[in-house]
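Visitor: Add 26 to a position in the sequence shown, counting from 1, and you land on the number used in our numbering.
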Amino acid sequence: MINVEFITAFFCWCTLINLSFLILSVLFIYLFRSFAMHTHTQLLDIKASELPTLYFKFLAHYKLGIILFNLVPYIALKLMD
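(1) In the DSSP assignment, find the unbroken alpha helix (DSSP H) run with Leu70 in it and report its ends.
(2) Tell me the residue span of the alpha helix (DSSP H) that contains Ile101.
(3) With the cut-off set at 8 Å, would you say Tyr88 and Phe37 are in Cβ contact?
(4) Would you be able to state if there are at least three C-beta pairs under 8 Å between the stretch 92-106 and the stretch 28-37?
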């Protein structure tokens with residue numbers, strides 16, 4: 027049966043997994059910038075000058091999604107305990 031402790035643990039793991047993906051994405055973009063930019067310009071037909079802005083928007087939206095859909099429910103459930 028699903029209870030509050032189970033849902034709290036679920037949101038905790040979701041937050042940790044998504045934060046690790048965010049950190050990996052930041053590291054990949056930072057360490058392999060030229061490879062990522064070359065690949066994305068080839069595949070998506072986007073100008074190289076637009077990519078840093080798109081990378082920043084992607085990371086910002088992903089971080090907001092983690093906060094809104096993983097971290098806030100986790101904190102709310104921890105406060106209920």
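The C-beta atom is built at its ideal place from N, Cα and C for all residues, glycine as well. All figures in this text were calculated on a predicted structure; none of them were measured in a lab.
Guide: Checking against the coordinates, here is how it stands:
(1) Position 44 of the sequence shown holds residue 70. Its alpha helix (DSSP H) spans residues Arg59 to Leu70.
(2) The residue you call residue 101 lines up with position 75 of the sequence shown. Element bounds for Ile101: Val98 to Met106.
(3) Within the sequence shown, the letter at position 62 stands for residue 88. Within the sequence shown, the letter at position 11 stands for residue 37. No. Outside cutoff.
(4) yes
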